[in-house]
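First the structure, in the form of structure tokens, and then the observations on it.
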Amino acid sequence: MLLYRIGPEGFYAARDEEGVLRVLYSDPFEVRPGGWELGREATAEPVGLLAPVRPGKIVGVGRNYRDHAAELGNEMPAEPLLFLKAPSSVVGPRAPIVLPPESERVEYEGEIAVVLRRRLTRAPAEEARAAVLGVTCACDVTARDLQRRDATFARGKSFDTFCPLGPAIQVEPDLEDLEVVTRVDGEERQRGHTSAMEWGIVEQLVYISRMMTLEPGDVVLTGTP
Numbered sequence: 001m002l003l004y005r006i007g008p009e010g011f012y013a014a015r016d017e018e019g020v021l022r023v024l025y026s027d028p029f030e031v032r033p034g035g036w037e038l039g040r041e042a043t044a045e046p047v048g049l050l051a052p053v054r055p056g057k058i059v060g061v062g063r064n065y066r067d068h069a070a071e072l073g074n075e076m077p078a079e080p081l082l083f084l085k086a087p088s089s090v091v092g093p094r095a096p097i098v099l100p101p102e103s104e105r106v107e108y109e110g111e112i113a114v115v116l117r118r119r120l121t122r123a124p125a126e127e128a129r130a131a132v133l134g135v136t137c138a139c140d141v142t143a144r145d146l147q148r149r150d151a152t153f154a155r156g157k158s159f160d161t162f163c164p165l166g167p168a169i170q171v172e173p174d175l176e177d178l179e180v181v182t183r184v185d186g187e188e189r190q191r192g193h194t195s196a197m198e199w200g201i202v203e204q205l206v207y208i209s210r211m212m213t214l215e216p217g218d219v220v221l222t223g224t225p
């Protein structure tokens, strides 16, 4: 099932079994998908699609694909490399990315973004898996020159518009069998699969929940291939 957030009101809608988009009367962060109450038919033109979630925080996992680490000349870390992006960097799937004058090298990073529906603190694997609402597409836009210059990733990752999300949340997917493809003007630039991750999605959630509590609506960016 696909879950959308539609503007300007920002209400949720889901595609039912017949593929019809219907207004969701249930809170997707409170009620499991099998118990959702769907109402009237909804219309979602591409320009009306918002980011499918408004996260309280965005946690990124760096260097989770060996090929990408090698491309940047980085060694693989012994543990997941975590960073934060500002929630104000989130925009919808069709919003323009604004290039900041402070940077001369802005790069795309297509990623699988995990959306939480349940609070996680020091969670075991099965609890972490059950806390996932679904996944969506993300572009972890990065000012690469600033990232390399600074002691932390915060500035290079957090400019406004640097975290496009959407268009929809794929609800309850197989977390071990997901593929991400990045295209620029129709040309494929990146392709990766969860099987090639150094740390799988559930592993990442378990690890992150030991450092910080993850709340409903939080987003985890799982790395770029």
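Residues in the sequence shown are numbered from 1 upward in steps of one, following the numbering used here.
All C-beta atoms, glycine included, are put in the ideal place defined by N, C-alpha and C.
Inset, instruction - Report all residues from its chain with a CB closer than 7 Å to the CB of cysteine 57; omit the five preceding and five following residues, and keep chain order. - result: The identity of residue 57 in the sequence shown is lysine, whereas the question assumes cysteine. For lysine 57, where only same-chain residues beyond five positions count, the Cβ hits under 7 Å are Leu84, Pro87 and Asp218.
Inset, instruction - Starting from the Cα of arginine 155, find the closest Cα among Pro164, Pro77 and Arg144 and give me that residue. - result: Arg144
Legend entry - Where the beta strand (DSSP E) through leucine 2 begins and ends: Unbroken beta strand (DSSP E) run through leucine 2: 2–6.
Inset, instruction - Run the CB neighbour count on serine 209, radius 10 Å, all protein chains shown included, and call it buried at 16 or more, exposed below. - result: buried
Legend entry - Beta-carbon proximity list for glutamate 127, same chain, < 8 Å, skipping 5 on both sides: Short of 8 Å from the beta carbon of glutamate 127, and not among the five residues preceding or following it, lie these beta carbons of its own chain, in chain order: Leu120.
Legend entry - Beta-carbon contacts of alanine 125 that lie in its chain and below 7 Å, excluding the five residues immediately before and after: Val202 and Val206
Legend entry - Beta carbon of glutamate 111 nearer than 7 Å to that of threonine 224: yes
Inset, instruction - Would you kindly report the start and end of the unbroken beta strand (DSSP E) that includes alanine 130? - result: Premise fails: alanine 130 lies in the alpha helix (DSSP H), 125–130, not in any beta strand (DSSP E).
Inset, instruction - For proline 164, count neighbouring C-beta atoms within 10 Å of its own C-beta (all shown protein chains included) and say buried if the count is 16 or more, exposed if not. - result: buried
Legend entry - DSSP-derived helix/strand/coil call for threonine 194: helix
Inset, instruction - Could you round the C-beta distance between tyrosine 4 and alanine 44 to whole angstroms and report it? I think they count as a contact, below 8 Å. - result: 6 Å
Legend entry - Proximal residues to leucine 146 (C-beta, below 8 Å), its chain only, five neighbours per side dropped: Glu102, Ser103, Arg155 and Gly156
Legend entry - Where glutamate 30 falls: helix, strand or coil (DSSP): Here glutamate 30 sits in coil by DSSP.
Inset, instruction - Could you name the residues that DSSP lists as bridge partners for arginine 22? - result: Ala14 and Glu41
Inset, instruction - Assign glycine 60 to buried or exposed, taking buried as 16 or more other Cβ atoms, counted over all protein chains shown, within 10 Å of its Cβ. - result: buried
Legend entry - Cβ pair leucine 221, aspartate 140 closer than 7 Å: yes
Inset, instruction - Return helix, strand or coil for glutamate 75, following the three-state DSSP convention. - result: Here glutamate 75 sits in coil by DSSP.
Legend entry - 7 Å Cβ shell around aspartate 160 - same chain, five flanking residues per side excluded: The answer, listed in chain order, is Ser88, Ser89 and Val98.
Inset, instruction - Return helix, strand or coil for valine 57, following the three-state DSSP convention. - result: The amino acid occupying residue 57 in the given sequence is lysine; valine does not appear at that position. Three-state result, lysine 57: coil.
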